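>
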Amino acid sequence: MDHRALIASIPAETKDKLQERSNTAGLRHLALYLLALSATSIGIIARVPFWPLLILPQGILLVFLFTLSHECTHKTPFKSPWMNEVVGHLVATPIALPFVWFRYFHLAHHKWTNHPENDPELGGKPKPDNWPSLLIYLSGWPYWRGMAQVLVQNTRGRIDAPYLPARQHKAMRLEARVLLGLYAMALVSLFISPLLWWLWLLPVLVGQPFLRLYLLAEHGLCPPVANMLENSRTTFTNRLIRFLAWNMPYHAEHHAFPNVPFHQLPALHRWTRAHLRSTSDGYSDFTSAYIRKVRN
Numbered sequence: 012m013d014h015r016a017l018i019a020s021i022p023a024e025t026k027d028k029l030q031e032r033s034n035t036a037g038l039r040h041l042a043l044y045l046l047a048l049s050a051t052s053i054g055i056i057a058r059v060p061f062w063p064l065l066i067l068p069q070g071i072l073l074v075f076l077f078t079l080s081h082e083c084t085h086k087t088p089f090k091s092p093w094m095n096e097v098v099g100h101l102v103a104t105p106i107a108l109p110f111v112w113f114r115y116f117h118l119a120h121h122k123w124t125n126h127p128e129n130d131p132e133l134g135g136k137p138k139p140d141n142w143p144s145l146l147i148y149l150s151g152w153p154y155w156r157g158m159a160q161v162l163v164q165n166t167r168g169r170i171d172a173p174y175l176p177a178r179q180h181k182a183m184r185l186e187a188r189v190l191l192g193l194y195a196m197a198l199v200s201l202f203i204s205p206l207l208w209w210l211w212l213l214p215v216l217v218g219q220p221f222l223r224l225y226l227l228a229e230h231g232l233c234p235p236v237a238n239m240l241e242n243s244r245t246t247f248t249n250r251l252i253r254f255l256a257w258n259m260p261y262h263a264e265h266h267a268f269p270n271v272p273f274h275q276l277p278a279l280h281r282w283t284r285a286h287l288r289s290t291s292d293g294y295s296d297f298t299s300a301y302i303r304k305v306r307n
């Protein structure tokens, strides 16, 4: 059964329930996430004993804000539309992700998931298939370079990808200019205080490889077919990682039914688990499989 047949087989009442958004669920999850981020930030600012060890969890918490921003592009984490927009923009800022631009980039990814030529996440290039390309990918360098190019091009009005609607070009230009202005002020602030270096810049550099490895598992080693239960991977993992990634390890479920908010994905999984074609028992299992492929 492919994803279309599966979703069609779910009773209408159940589908309606699965698509219910909730401000309460979204705000509760966000509050706990920000509490953890605040704890590491305060530890760094206060320079508690062994505070440099907090750089890694700080970075992981910052870069995994990507998963919340991603959810906000689907307008699903919160019931209130304005809340999805505001939170989506705010949490995308620390990771140099232009939220308006990313929404349409990501919608194109959903339309053409894992298609070698049309999926913009692939950019017409295969995923890392040898040690040098894998290490470069995991370093985060292609991401930072790509986002810098997008911001500069959008600022200059060079917005020509076919999946970016003309009606949003003005918003994308404004967004890119505001972000570049904020980043310029942040860099200037380093001449006054190194605080942002320790709280933000160094942590996101250190944390980025962990996000890259997580994202590689979403579609890596999956075939370029139309069935979302096959071209996307569900990774069975622990509660901490599911919390960190807003339940996106249920990634085949998310691609099969994108209107389902993060807190309903475990319920959707009960309908999909017998039909999943690409799964891994944890990220270490996926990583081992990927490394074996690279070695070959």
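Going by my numbering, the sequence shown wraps up at 307, each residue one higher than the last. C-beta atoms are modelled at their ideal positions from N, C-alpha and C, and glycine is treated no differently. As the structure is a computational prediction, the values presented were derived from the model and not from experiment.
#1: Closer than 6 angstroms by C-beta to Leu255: which residues in its own chain qualify, once you throw out the five before and the five after it? Chain order, please.
#2: For the alpha helix (DSSP H) containing Pro92, list its first residue and its last residue.
#3: Which class does Ser80 belong to by DSSP, given the choice of helix, strand or coil?
#4: By DSSP's criteria, Thr290 is part of a beta bridge. Which residues make up the other side?
#5: Within the same chain, show all residues whose beta-carbon is closer than 6 angstroms to that of Leu48, passing over the 5 residues directly before and after it, in chain order.
#6: Could you pull out every residue in the same chain whose Cβ sits closer than 6 angstroms to the Cβ of Leu276, ignoring the five residues on either side in sequence?
#7: Tyr174 by DSSP, collapsed to three states: which one?
#8: How many whole angstroms separate the CB atoms of Arg244 and Thr290, which I take to be in contact at a CB cut-off of 8 angstroms?
#9: Counting pairs of Cβ atoms below 8 angstroms between the region 106-113 and the region 141-159, do you hit three or more?
#10: For Pro235 and Arg303, I'd like the C-alpha separation in whole angstroms.
#11: List the whole-angstrom C-beta distance separating Gln69 from Ser52, where the pair is believed to meet the contact cut-off of C-beta under 8 angstroms.
#12: Applying the 10 Å Cβ sphere with the 16-neighbour rule, what's the burial state of Asn242?
#13: Nearest by alpha-carbon distance to Leu279: which of Thr124, Lys28 and Tyr148 is it?
#14: Do Ile55 and Leu43 come within 8 angstroms of each other at the CB atom, strictly closer than that value?
#15: Can the beta-carbon of His121 be found closer than 8 angstroms to that of His266?
#16: Among all the DSSP beta bridges, which residues are the ones paired with Tyr261?
#17: Pairing CB atoms from the region 86-93 with CB atoms from the region 118-137, are three or more of them under 8 angstroms?
#18: Measuring CB to CB, does Leu67 end up less than 8 angstroms from Val217?
#19: Just how far apart, CA to CA, sit Glu31 and Ala197?
#20: Below 6 angstroms CB to CB, which residues in the same chain sit around Met12 once its five sequence neighbours on both sides are set aside?
#21: Can you have a look at Leu175 and say buried or exposed, based on whether 16 or more other CB atoms are within 10 angstroms of its CB?
#22: When DSSP labels each residue in this structure, what does Met12 get in the three-state scheme?
#23: Anyone know if the C-beta pair for Val111 and Met183 falls short of 8 angstroms?
#24: Applying the 10 Å Cβ sphere with the 16-neighbour rule, what's the burial state of Thr166?
#25: For the alpha helix (DSSP H) that contains Asp27, what are its first and last residues?
#26: For Phe61, is the classification buried or exposed, using 16 other Cβ atoms within 10 angstroms of its Cβ as the cut-off for buried?
In short:
#1: Numbered from its first residue, the sequence shown carries residue 255 at position 244. Correct list, in chain order: Phe75.
#2: One-based indexing of the sequence shown puts residue 92 at position 81. Residues Pro92 to Ala103.
#3: Within the sequence shown, the letter at position 69 stands for residue 80. If DSSP states are grouped into helix, strand and coil, Ser80 belongs with the helices.
#4: Translated into positions along the sequence shown, residue 290 becomes position 279. Bridge partners of Thr290: Thr245.
#5: Here the question's residue 48 lines up with position 37 in the sequence shown. Answer for Leu48: Leu72, listed in chain order.
#6: By 1-based counting over the sequence shown, the position of residue 276 is 265. Cβ neighbours of Leu276 beyond the five flanking positions: Asn258, Tyr261 and Glu264.
#7: Taking the sequence shown and counting its residues from 1, one reaches residue 174 at position 163. DSSP places Tyr174 in coil when its eight states are reduced to three.
#8: If you number the sequence shown from 1, residue 244 lands on position 233. If you number the sequence shown from 1, residue 290 lands on position 279. Arg244 to Thr290, Cβ: 6 angstroms. Contact.
#9: yes
#10: Counted from its first residue, the sequence shown places residue 235 at position 224. Counted from its first residue, the sequence shown places residue 303 at position 292. So the two alpha carbons sit approximately 20 angstroms from each other.
#11: By 1-based counting over the sequence shown, the position of residue 69 is 58. By 1-based counting over the sequence shown, the position of residue 52 is 41. Correct: roughly 7 angstroms between the Cβ atoms.
#12: Taking the first residue of the sequence shown as 1, we reach residue 242 at position 231. Asn242 should be labelled buried.
#13: Residue numbering aside, residue 279 sits at position 268 when the sequence shown is read from its first letter. Answer by Cα proximity: Lys28.
#14: Here the question's residue 43 lines up with position 32 in the sequence shown. Here the question's residue 55 lines up with position 44 in the sequence shown. No.
#15: By 1-based counting over the sequence shown, the position of residue 121 is 110. By 1-based counting over the sequence shown, the position of residue 266 is 255. Yes, the Cβ-Cβ distance between His121 and His266 is below 8 angstroms.
#16: Counting from one through the sequence shown, the residue named residue 261 turns up at place 250. According to DSSP, Tyr261 bridges with Thr245.
#17: no
#18: For the purposes of this step, residue 67 is taken as the residue at position 56 of the sequence shown. For the purposes of this step, residue 217 is taken as the residue at position 206 of the sequence shown. Yes.
#19: For the purposes of this step, residue 31 is taken as the residue at position 20 of the sequence shown. For the purposes of this step, residue 197 is taken as the residue at position 186 of the sequence shown. Going by the C-alpha atoms only, they are around 39 angstroms apart.
#20: Within the sequence shown, the letter at position 1 stands for residue 12. Once the five neighbours on either side are set aside, the close Cβ partners of Met12 are His286.
#21: Here residue 175 corresponds to residue number 164 of the sequence shown, with the count starting at 1. Leu175 comes out buried.
#22: As a first step, residue 12 is located in the sequence shown; it is residue number 1 there, counting from the start. DSSP places Met12 in coil when its eight states are reduced to three.
#23: The residue you call residue 111 lines up with position 100 of the sequence shown. The residue you call residue 183 lines up with position 172 of the sequence shown. Yes, Cβ-Cβ distance for Val111 and Met183 is below 8 angstroms.
#24: Within the sequence shown, numbered from 1, the residue matching residue 166 stands at position 155. Classification of Thr166: buried, given that the 10 Å Cβ count is 16 or more.
#25: In the sequence shown, the residue the question calls residue 27 occupies position 16. Its alpha helix (DSSP H) spans residues Ala23 to Leu29.
#26: Locating residue 61 in the sequence shown gives position 50, counting from the first residue. That one is exposed.
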